[in-house]
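Counting along the sequence shown from 1, when you hit position 561 you're at 561 in my numbering, and nothing is skipped either side. From the three backbone atoms N, C-alpha and C, an ideal C-beta is built for every residue, glycine too. All of these numbers come straight from a predicted model, not from anything done at the bench. A quick write-up on the structure given underneath.
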Amino acid sequence: MKPIQQKQFDKVSFQESVKKHLSATYAHTLENADSRAWYLAMGRALAELTTFDLLATETDKKILQAKSVNYLSLEFLIGRLTGNNLISLGLYEQITEAMAELGQNLTDLLEEERDPSLGNGGLGRLAACFMDSLAAQEFPTVGYGLHYEYGLFKQSFENGRQKEAPDAWCGVEGYPWEVARPDLAQQIGFYGHVEAYQENGKEKRRWVPGMHVKAMPWDLPIVGYESDTVYPLRLWECQAIAPFSLESFNNGNYFEAQHALIDAGNITKVLYPNDNHEKGKTLRLMQQYFHSAASVRDILRRHEAAGHALADLAKFETIQLNDTHPTIAIPELMRILIDEKGLTWDEAWAISSKTFAYTNHTLLPEALETWSESLIQHLLPRHMEIIYEINHRFLQEVRAKWPGDVAKQQKLSIIQEGFHRMVRMANLCVIGSYAVNGVAALHSELVKRDLFPEFNELYPTRLQNVTNGVTPRRWLKFCNPGLSALISEKIGTEWPAHLEQLEGIAKFADDAKFQKQYMAVKKANKERLAKWVKENMGIELDTNAIFDVQIKRLHEYKRQHLNMLHILSLYHRLLNDANFDMAPRVVFFAAKAAPGYHLAKEIIFAINKIAEKVNNDPRIGNKLKVVFIPDYRVSMAEIIIPAADVSEQISTAGKEASGTGNMKMALNGALTIGTMDGANVEIREEVGDDNIYIFGLEVDGVEALKAKGYNPFDYYHADPLLKASMDLLLGEEFTQGQPGLLRATYDSLLDGGDPYLCLADFASYVQAHEAMDKQYRDPAGWAKKAILNTALVGKFSSDRSIRDYVNNIWKLEAVHR
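If you want it as structure tokens, here you go:
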């Protein structure tokens, strides 16, 4: 392995390249160029370096003869690439100096980069961390995603309510890091019919699509940390094959002339089109098939170009399905092997069933994908036939294992019977994969016990666990340079590639001088966040206050509304209890609600209205502030996470598969307040009971309470603080002259039955916060706990996650260039 730092970096030729792009690519002179133009020119000049290594990696004979993983994910929330790539390239200081000589400040230029808006939350961020760790450890890999034009959405607040606008992350100038690969484009079909024909006396079937589109690949470079390895994140953009009809245009039918272009462009227009109507459902399934089909074809193209036999596909390629979104890749590979390559069913299944592996990310029944049989039949008729055949053969296995047990057959069947027959994608994944994994120890146990117990009995070695992780390059070295420098001073500079070495700073946890240095870094990070809030939101913050942070997707099971009830309880006590005292506290939220999720949007509205009142109420003497940061994204997380004192991980036990925000904040010295859910369980094991604040019902308690019949009114009437806090939502305390505007959350917690048990966990949550508040007033004790959190979470590196996949599931070898 040759670290790139040792490569000859030629500063002068790099500066010449930047100037050339400034004028030739972006049409600016040195004198009139603004920061954005300088950033774009610098990005293009840097991308030239990585594209060279990308192509060299792609053609490396050692890599072509090694086994690769193909990571299929509909989301890759990669964050800004420039700063992270400079760290991996080992060129951060050199580029800082080179740009300074051109009169530019690198920090300012990095702020010009837009976040590639290619994901929604944890699923996409995990995929990005995994790509980083695969490249860092030099395991051959290709990531496959979609090149969304608009990604999720840009969030703003208007009178407290979420507003969604398109997020054109590429901008008119394009994204400087991506490189078009038209030579690798694929043709993808939809609709049409299946026809039977004879070949060599055998009855065969083939799909005749009614519509074709082009899958155009764009490669983003995933740069290995301190190595020459650059693997591609290949993103497919949907284009029309015949985009423009000159004849229609000349006849005056301007819309008809571009019809194909408009239809095709819609497929990769936005991430997760709203699917609460039939057209939205069709578009989502088209997205999933387009992604899967283009990726499978590209994998086969690479495999055959390397001179490998089809029968050896599983020997050289593994395809990891990140959640159920790419499930349709299973029947697609079967279709190609049987219909196009001429294999028998048994030959094709022997290859396919050893090639796919599946990661389950959820226990929530509503999040396990099902598609209507009629929609698949209409859009992908041949695939539906193949799904029937997979199911038919699988049910024979079920009957052999459990003769006469019709209930087992109904539960395990890929086809769910009912008024509308549905296709269960998770069942298809389990049946069509050689390995299935959950993403935290607790989650994987619940997958075996509650979600797929019969599959676990049928295939006893198939269900496994790989606990998630986060990349320490982005989530400590890049986003928290002050802490990174302090750690390197104490234990050396190898820890970003060996995060378990952080344990070396545990011995300084009681050292008064180190505590002071550590907390000075935390204070500087809090000041940076406070400055952002003042400049962008006009809210003045006390940086001596506890910075209490909940950042994640807005969903009832993540219980932002439980956090809101705690804020209401603090506000009530500050106003009504003369003996109540608390350390000053700023509660931060950042979250997007899905456009069609009404209650989630109502919770955002309620938090914003409460914030308006609380932040401007002179009676509470600045003891409490609430800040809801709009448009949560990776670059915002990079500012918030290093500043967090408290990490809110408060999902109902048994609902959060893993979480990775809990890992990032603990790594940066925040103390977790959390339930025994997801990876919180393992964080507690690593940091110890004294350095985490656990509250609330555990999984068994949740199940027992629901089994005996949970009545939220019992808790509401029995706890005066809870009742007083909730009742604040009813009047006009936060919506002057408009009583009842915030009722939606109140009603969901009482008449709605409080499905996620906020009221059952409220008293325990308040107690945990009181213990935290008390601890915060002992600065030395708090500093010790914060240091130990950083020191003891080395397990949660995505490098370790990837090694677990490599050793237990993928069976890859590292290939050093």
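Query                                                                                                                                                                                             : Result
Return the chain-ordered list of same chain residues with a C-beta closer than 6 angstroms to the C-beta of L300, the five sequence neighbours on each side being excluded.                       : none
Note the first and the last residue of the continuous alpha helix (DSSP H) segment covering E682.                                                                                                 : N680 to V687
Identify, in the order they occur along the chain, each residue of the same chain with its Cβ nearer than 6 angstroms to the Cβ of F508, setting aside the five sequence neighbours on each side. : F514
To the nearest angstrom, how far is the alpha carbon of Y26 from that of L46?                                                                                                                     : 15 angstroms
Distance check for A367 and K448, CA to CA, integer angstroms please.                                                                                                                             : 17 angstroms
Tell me the DSSP secondary structure of Y148 in three-state form.                                                                                                                                 : coil
So what's Q6 in DSSP terms, helix, strand or just coil?                                                                                                                                           : Only weak support is given to the placement of Q6: the predicted model assigns it a pLDDT of 42, under 50, and the value that follows is read from those uncertain coordinates. Here Q6 sits in helix by DSSP.
Please state whether DSSP places Y557 in a helix, a strand or coil.                                                                                                                               : helix
From the DSSP secondary-structure annotation, give me the bridge partner or partners of W169.                                                                                                     : Partner(s): none; W169 has no beta bridge.
Using only the alpha-carbon positions, how far apart do K2 and L235 sit?                                                                                                                          : Confidence is the limiting factor: at K2 the pLDDT is only 42, short of 50, which leaves the residue's position unreliable and the question unanswerable from this model.
Within 10 angstroms of its Cβ, does F316 collect 16 or more other Cβ (buried), or is it exposed?                                                                                                  : buried
From the DSSP output, read off the bridge partner residues of V627.                                                                                                                               : F588
Measure the Cβ-Cβ separation of T318 and A350 and say whether it is below 8 angstroms.                                                                                                            : no
Using alpha carbons as the reference points, say which of N70, I629, D677 and A666 lies closest to S651.                                                                                          : D677
Since F695 and A768 should fall inside the 8 angstroms C-beta cutoff, what is the C-beta to C-beta distance between them, to a whole number of angstroms?                                         : 4 angstroms
List, from N- to C-terminal side, the alpha helix (DSSP H) runs of 4 residues or more that fit wholly inside the segment 55-118.                                                                  : 61-64, 82-89, 92-101 and 106-110
Tell me, please, whether the segment 139-146 touches the segment 84-100 by the rule of three or more beta-carbon pairs shorter than 8 angstroms.                                                  : no
Between I241 and L788, what straight-line distance do the alpha-carbon atoms span, to the nearest angstrom?                                                                                       : 57 angstroms
Taking just the CA atoms, how far does Q320 sit from N427?                                                                                                                                        : 16 angstroms
Using the Cβ count rule (16 or more neighbours within 10 Å means buried), how would you classify S374?                                                                                            : exposed
Is G265 close to chain D, meaning its C-beta is less than 8 angstroms from at least one C-beta of that chain?                                                                                     : Within the model displayed, chain D is absent; a lone protein chain is all it includes.
Could you compute how far the alpha carbon of D689 sits from the alpha carbon of Y756?                                                                                                            : 25 angstroms
Please determine, among K552, T59 and L565, the residue with the shortest C-alpha to C-alpha distance to T745.                                                                                    : L565
Are D548 and D617 close, meaning C-beta to C-beta below 8 angstroms?                                                                                                                              : no
Should H147 go down as buried or exposed, given a rule of 16 or more other Cβ atoms within 10 Å for buried?                                                                                       : buried
Only counting runs of 4 or more residues, tell me where the alpha helix (DSSP H) segments fall wholly within the segment 386-429, in order along the chain.                                       : 406-412
Give me the residue from K723, A530, L671 and E612 with the minimum Cα distance to R573.                                                                                                          : K723
By the three-class DSSP mapping on this structure, what secondary structure does P217 have?                                                                                                       : strand
CB-CB under 8 angstroms to G737, same chain, minus the five flanking residues each way: which ones, in chain order?                                                                               : none
Residues in its own chain within less than 8 angstroms of A294 by CB, not counting five upstream and five downstream?                                                                             : Y144, Q186, I188, A215, P217 and W236
In this structure, does DSSP put F455 in helix, strand or coil?                                                                                                                                   : helix
What residue range is occupied by the uninterrupted alpha helix (DSSP H) comprising I299?                                                                                                         : E278 to A305
On the three-pair Cβ rule with 8 angstroms, is the segment 326-335 touching the segment 399-409?                                                                                                  : no
Return the residue from the list E638, K204, K795 and R817 that minimises the CA-CA distance to R80.                                                                                              : E638
Decide if the segment 335-347 is in contact with the segment 448-457; the criterion is three or more beta carbon pairs, one per stretch, under 8 angstroms apart.                                 : no
Provide the residue span of the alpha helix (DSSP H) that contains C129, from first to last.                                                                                                      : G122 to A136
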